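Step one of this worksheet: look at the structure below.
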Amino acid sequence: MFSRDTQKSTTMMMSEMDVDRVVGYFKDKSILITGSTGFLGKVLVEKILRVQPDVKKLFLLIRASDVESAKFRIQNEIMAKEIFQVLKDKHGVEFHSFVEEKICPLVGDVVHENFGIDIIKLREVSNDIDVIINGAATTNFSERYDVAFNTNVLGVKHICVFAKKCTKLKMLLHVSTAYVAGEKEGLITERTFLMGETLRVGTHLDIEFELNLIKDSKRELRASNSMEKAERKTMKELGLKRARNFGWSNTYLFTKAMGEMMMGLLRGDFPVVIIRPSIITSTMKEPLPGWIEGIRTVDTVIMGHAKQTLPFFITNLDLTLDMIPGDMVVNAMMAAMAAHSEDQHAWIIYHVTSSVRNPTTSALVIDSMHHYFLENPPCKGRNGEHVQLKKMRIFSTLARLRLYTTIKYEIPLEL
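So for the sequence shown, the UniProt record's numbering puts the first residue at 1; every next one is plus one.
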């Protein structure tokens, strides 16, 4: 559960600000966005272009071999999505020229110093940027430690270094996660992580040591001629081991927490806002209700039930699942930027969550998905036959699940 003050302050920020003021803030602004090909990034890009067509430029940092490849990715991975249909209908035949005018692809990657952009182009862009929105991240819970560290920690470092070169920068917004707080209960305040702070008493985190540990481990693996598969396995295990050593449950949360520390250490003389959303789900209203891309977090359980490949699950039915629609997260991001851009020394954190004001229990989610698929039976097989839907069996403890699988599967198989 997150701070009641958090919920109250976020609501007050949104309600006290005039919508026109939020929209007006982005007029004539040049904005650098990282992570634009991700789910939340697409919702953000679409929202800015739809509500503020007078935005000056959206610089999208895209991993690609050249500008043409970057444009291809933007067209196919962003603009071609259903979420942009409202914008296409609004502009009609002028849509492509509008996008061409407003969106500027930047070939680069946050894992590299200066994003891997040549110095002339970097200087040109840095002189034009008003706002930076860092949404680039690897969100795989059990990602390789080196991959997660490069994006979620060193990526933040490179963002901060670049931000200091932007002569007219008015705001830096960084997307983190509410779960950097770990497995705590009760009120969780919106405060920054101090450099070296951990969730486990008696431990101290040294980010430089972690970087060297990754380098040394990879060097040893390659010296012993280890296969790529062995290196991948070792890096995944190392990430989980280091995360749990300091009190985080997985590599993703651990590296996101270190990213916040890095931003606190390297922040410049400009406003900084950190947004910490909980479980991001499909859009609630804008621009299309229920739009989502890919299978993420709770969606894997929903899809497993729809396909009847997940007949049972272990959970506490009274447990609150803190889920927040993607468009609400984007609205909070935009409102926070507009609210704090005038405070030069602002260092603001917002938990964008739902557990206090609109708690959703596991029981409600499981019951809702079952009723939905009863009314809208999913198809299975080449002939399009409907799945015969059975209710998911829920176990409250691992011991009960093991007993059930023993009686239901193991003993019959042995016989």
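Where is the CB? At the ideal position from N, CA and C, for every residue including glycine.
What you are looking at is a predicted structure, and each value in this text was computed from that prediction instead of being measured.
Measure the CB-CB distance between residue i and residue j and report whether it falls below 8 Å.
{"i": "Ser278", "j": "Met323", "result": "yes"}
{"i": "Asn225", "j": "Phe141", "result": "no"}
{"i": "residue 502", "j": "Ile275", "result": "Here the chain has residues from 1 to 415 only, and residue 502 is not among them."}
{"i": "Phe149", "j": "Thr234", "result": "no"}
{"i": "Phe312", "j": "Arg393", "result": "yes"}
{"i": "Val131", "j": "Met334", "result": "no"}
{"i": "Val110", "j": "Ile78", "result": "no"}
{"i": "His345", "j": "Val273", "result": "no"}
{"i": "Met171", "j": "Phe246", "result": "no"}
{"i": "Glu286", "j": "Asp343", "result": "no"}
{"i": "Val298", "j": "Leu40", "result": "no"}
{"i": "Phe395", "j": "His305", "result": "no"}
{"i": "Val86", "j": "Gln52", "result": "no"}
{"i": "Leu238", "j": "Tyr145", "result": "yes"}
{"i": "Ile207", "j": "Val153", "result": "yes"}
So, at 6 Å on beta carbons, what are the nonlocal neighbours of residue i in its own chain, with the 5 sequence-adjacent residues on each side left out?
{"i": "Thr11", "result": "Low local confidence applies: a pLDDT of 48 at Thr11 is under 50, so the model's placement there is unreliable, and no value is given."}
{"i": "Val156", "result": "Gly259, Met262 and Met263"}
{"i": "Arg244", "result": "none"}
{"i": "Ile292", "result": "Ser282"}
{"i": "Phe195", "result": "Residue 195 is actually Met in this sequence, not Phe. For Met195, where only same-chain residues beyond five positions count, the Cβ hits under 6 Å are Met261 and Leu265."}
{"i": "Phe98", "result": "His91"}
{"i": "Met1", "result": "Low confidence applies to Met1: its pLDDT is 43, below 50, so where it sits in the model is not reliable, and the reading given next is rough at best. So the list reads Ser355, once near-sequence residues are dropped."}
{"i": "Lys165", "result": "Ser126"}
{"i": "Ala332", "result": "Val352"}
{"i": "Pro378", "result": "Ala306 and Val387"}
Within its chain, find whatever has a CB closer than 7 Å to the CB of residue i; leave out the 5 residues flanking it on each side and keep chain order.
{"i": "Lys88", "result": "Phe95"}
{"i": "Ser9", "result": "Per-residue confidence for Ser9 stands at a pLDDT of 48, beneath the threshold of 50, marking its modelled position as unreliable; the derived number appears in the next sentence. Closer than 7 Å at the Cβ level, and outside the excluded window around Ser9, lies no residue."}
{"i": "Thr151", "result": "Val110, Val111, Ala136, Ala137 and Thr138"}
{"i": "Thr192", "result": "Glu260, Gly264, Trp347 and Ile349"}
{"i": "Phe26", "result": "Ile48, Gln52 and Val55"}
{"i": "Asp20", "result": "none"}
For the putative contact between residue i and residue j, defined by C-beta atoms under 8 Å, what is the C-beta separation to the nearest angstrom?
{"i": "Asn134", "j": "Thr34", "result": "5 Å"}
{"i": "Ile83", "j": "Lys42", "result": "6 Å"}
{"i": "Arg242", "j": "Glu210", "result": "7 Å"}
{"i": "Glu128", "j": "Ser30", "result": "Note on residue identity: the sequence assigns Asp, not Glu, to residue 128. Confirmed, about 5 Å."}
Along the chain, where does the alpha helix (DSSP H) containing residue i start, and where does it finish?
{"i": "Phe98", "result": "Phe95 to Lys102"}
{"i": "Leu58", "result": "Careful: Leu58 lies outside any alpha helix (DSSP H), inside the beta strand (DSSP E) at Lys57 to Ile62."}
{"i": "Thr234", "result": "Glu228 to Asn245"}
{"i": "Arg123", "result": "Ile119 to Ser126"}
{"i": "Arg50", "result": "Phe39 to Val51"}
{"i": "Tyr404", "result": "Leu398 to Thr405"}
{"i": "Thr255", "result": "Thr251 to Leu266"}
{"i": "Arg72", "result": "According to the sequence as given, residue 72 is Phe; it is not Arg. First-last of the alpha helix (DSSP H) with Phe72: Val67 to Ile74."}
Excluding the 5 residues preceding and the 5 following residue i in the sequence, name in chain order all residues of the same chain whose CB lies nearer than 8 Å to its CB.
{"i": "Asp18", "result": "none"}
{"i": "Gly182", "result": "Leu199, Gly247, Trp248, Ser249 and Leu253"}
{"i": "Lys390", "result": "Gln308 and Pro311"}
Would you give the residue range spanned by the beta strand (DSSP E) that residue i belongs to?
{"i": "Ser30", "result": "Ser30 to Thr34"}
{"i": "Pro412", "result": "Taken as a continuous stretch (DSSP letters only), Pro412 belongs to no beta strand (DSSP E), being part of the alpha helix (DSSP H) at Ile411 to Glu414."}
{"i": "Met323", "result": "Met323 to Pro325"}
{"i": "Met171", "result": "Met171 to Val175"}
{"i": "Asn152", "result": "Here Asn152 belongs to no beta strand (DSSP E), and DSSP marks it neither H nor E."}
{"i": "Arg276", "result": "Val272 to Pro277"}
{"i": "Val301", "result": "Element bounds for Val301: not the beta strand (DSSP E) but the alpha helix (DSSP H), Asp299 to Ala306."}
{"i": "Ile348", "result": "Trp347 to Val352"}
{"i": "Phe313", "result": "Phe312 to Ile314"}
### Query
For the 8 Å Cβ check, are there 3 or more pairs between the region 61-77 and the region 104-124?
The region 61-77 vs the region 104-124: in contact.
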